[in-house]
Amino acid sequence: MADFALTVATPERQLIDERVSEATIPARNGYIGVLPGHAPLLSELGAGILSWSGGIGQSQTLAIMGGFVEVLGDRVRILADEAKRREDINTIEAQERLRAAQEALTKPPSDSPTPEQYEELVENVKRAQAEVDLGAK
Amino acid sequence: MPSLIDIRRRIRSVKNTQQITRALKLVSAAKLRRAQDRVIAARPYAQSIRELLSNLAAAAASDPDLSASTLLAQREAKRIELILMTSDTGKAGAFNANLTRTADRFIREHEGVAFDIVTVGRKGRDYFRRRNASVPRDYIGVLAKPAYATAAEIGRESVRRFRDGEVDAVYLINSEFKNVMSQKPSETRLLPVALPEPKQGEEPKIIDYIFEQPPLEMLQRLLPRYVEVAVFQGMLETSASEHAARMTAMDAASRNAGDVIDKLTLTMNRARQAAITKEIIEVVSGAAALD
Numbered sequence: 007m008a009d010f011a012l013t014v015a016t017p018e019r020q021l022i023d024e025r026v027s028e029a030t031i032p033a034r035n036g037y038i039g040v041l042p043g044h045a046p047l048l049s050e051l052g053a054g055i056l057s058w059s060g061g062i063g064q065s066q067t068l069a070i071m072g073g074f075v076e077v078l079g080d081r082v083r084i085l086a087d088e089a090k091r092r093e094d095i096n097t098i099e100a101q102e103r104l105r106a107a108q109e110a111l112t113k114p115p116s117d118s119p120t121p122e123q124y125e126e127l128v129e130n131v132k133r134a135q136a137e138v139d140l141g142a143k
Numbered sequence: 011m012p013s014l015i016d017i018r019r020r021i022r023s024v025k026n027t028q029q030i031t032r033a034l035k036l037v038s039a040a041k042l043r044r045a046q047d048r049v050i051a052a053r054p055y056a057q058s059i060r061e062l063l064s065n066l067a068a069a070a071a072s073d074p075d076l077s078a079s080t081l082l083a084q085r086e087a088k089r090i091e092l093i094l095m096t097s098d099t100g101k102a103g104a105f106n107a108n109l110t111r112t113a114d115r116f117i118r119e120h121e122g123v124a125f126d127i128v129t130v131g132r133k134g135r136d137y138f139r140r141r142n143a144s145v146p147r148d149y150i151g152v153l154a155k156p157a158y159a160t161a162a163e164i165g166r167e168s169v170r171r172f173r174d175g176e177v178d179a180v181y182l183i184n185s186e187f188k189n190v191m192s193q194k195p196s197e198t199r200l201l202p203v204a205l206p207e208p209k210q211g212e213e214p215k216i217i218d219y220i221f222e223q224p225p226l227e228m229l230q231r232l233l234p235r236y237v238e239v240a241v242f243q244g245m246l247e248t249s250a251s252e253h254a255a256r257m258t259a260m261d262a263a264s265r266n267a268g269d270v271i272d273k274l275t276l277t278m279n280r281a282r283q284a285a286i287t288k289e290i291i292e293v294v295s296g297a298a299a300l301d
């Protein structure tokens, strides 16, 4: 069976390094599905759930918050700003963060937030959402 | 000759010192192991981001706007920000002195340039505060357990100052962790970013990527992250070096204390023997006088 190498690393450690047969990656502009033999691709990552499977039926997941992905040859490299396993997520805390982030978005700190500030607020909500989503699975 | 009691007191005091240095050595050894693990754990990401940056830069090289990208643009250095990493506490031999000396030399080599010194670690801050240098930011207590969030904060502020033209270059001086016996200060230019060179003898191959975002836009997001990672790596290596240096220094101190104890014990035994001999002579000559 055709497979490729998937690595997931954050600045602090490497979380995943294994052979997989397919992966679904939360890119900035939407999810990307990768199968063996994919064309070289570079993209920024958004916040969402990375899932992959090594064999039949057994799919694994990881919450990813921003970063970069490189698809090259038989290798997919994910450089995540932050990544969390399901067992590392505290659902209650995550929901609390999501609520706080949503509130911050409706009530921006300054009257006229710059586009960057606004983008960051939106990003915070997405990150919290990704955690809540994975925690609820 | 000092009295027996004096010598005993000194031996006791040196023994106390030895106990402290030995404990410090053990603590440093344990901390070193953890710090080393962290250095190793952070390597895959650092390695990947270097390769990614070099691939991306090669692919974007045809873009005429690349060299104008704000974080790559070289300009005449009138004001340099120097990030100096030292430890918070002493008892690490020449570790901090080596780092501050490297920083001093670096400043001397750039005559006519104004310096802002950003210190990570108390020792560096104290050193440059005493010399009335400009220390706009300092970070203390962050090396005990280097967190990426701290590195990101340091890196982000440096990037902002460089982008806004407050400084013309940013350099990092930290301790490079080679192995337990050897740590040496190293200086790196963080900004403007020096793109990683392709390996010797290898043609820079241009990969025909599908870009989900325009390459230049991605580069502009990747470069600040690259700087942050460099700061983070610096912190991890400095922390590991600090523990290694302290372990070596405290090992030497414990051994020195042992030597001193041996010498004092010998002196004490001599003094004791001399006192006994003197007493015997007194008794014998006293008895002889009675005959």
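So the sequence lines, in the order shown, correspond to chains A and B. So the number in this note's numbering is just where the residue sits in the first sequence, counting from 1, plus 6. So the number in this note's numbering is just where the residue sits in the second sequence, counting from 1, plus 10. We treat Cβ as the ideally placed atom computed from N, Cα and C, and that holds for glycine.
Here Tyr-219 (chain B) is not near Leu-41 (chain A), since their CB atoms are 8 Å or more apart.
At least 8 Å separates the CB of Leu-127 (chain A) from every CB of chain B.
A straight line joining the alpha-carbon of Arg-231 (chain B) with that of Glu-88 (chain A) spans about 16 Å.
Below 8 Å, too few C-beta pairs join the segment 34-53 of chain B and the segment 274-284 of chain B to call them touching: fewer than three. DSSP places Ile-150 (chain B) in the coil class of the three-state scheme, outside both helix and strand. Proximity of Ala-15 (chain A) to chain B, defined by a Cβ-Cβ separation below 8 Å, is satisfied. Looking from the CA of Val-180 (chain B), the closest CA among B:Ile-93, B:Arg-60, B:Lys-88, B:Leu-66 belongs to B:Ile-93.
Within the segment 156-173 of chain B, those residues whose Cβ lies closer than 7 Å to any Cβ of chain A are, in chain order, Tyr-158. Of the other Cβ atoms in all chains shown, fewer than 16 fall within 10 Å of the Cβ of Ser-295 (chain B); this residue is therefore exposed.
Counting only runs that start and end inside the segment 153-219 of chain B, the beta strand (DSSP E) elements of at least 3 residues fall at 179-189, 192-201. Secondary structure of Val-123 (chain B) (DSSP, three-state): coil.
Counting along the chain, Arg-105 (chain A) sits inside the alpha helix (DSSP H) bounded by residues 97-112. Every beta strand (DSSP E) of 3 residues or more that sits fully in the segment 39-126 of chain B is shown, in chain order, as 89-95. Note on geometry: alpha-carbon atoms of Leu-56 (chain A) and Thr-67 (chain A) lie some 6 Å from one another.
Rounded to whole angstroms, Gln-46 (chain B) and Val-190 (chain B) show a C-alpha spacing of 10 Å. Sixteen is the threshold: when 16 or more other Cβ atoms of the shown chains lie within 10 Å of the Cβ of Ile-183 (chain B), as they do, the residue is buried. Within chain A, Ala-15, Arg-83, Leu-85 have C-beta atoms less than 7 Å from the C-beta of Ser-58 (chain B), given in sequence order.
At a cut-off of 8 Å between beta carbons, Ile-93 (chain B) makes no contact with chain A.
Thr-277 (chain B) carries a helical assignment under DSSP once its states are collapsed to helix, strand and coil. In this structure, Ala-100 (chain A) and Leu-127 (chain A) do not form a Cβ contact; the two beta carbons are roughly 17 Å apart against a cut-off of 8 Å. In the structure shown, the three-state DSSP call for Leu-78 (chain A) is strand.
At least one CB atom of chain A sits nearer than 8 Å to the CB of Ile-217 (chain B).
Taking C-beta separations shorter than 8 Å and ignoring five residues to either side along the sequence, the partners of Ala-87 (chain B) in its chain run His-120, Val-123, Asp-178, Ala-179, following chain order. Secondary structure at Leu-21 (chain A): strand, using DSSP grouped into helix, strand and coil.
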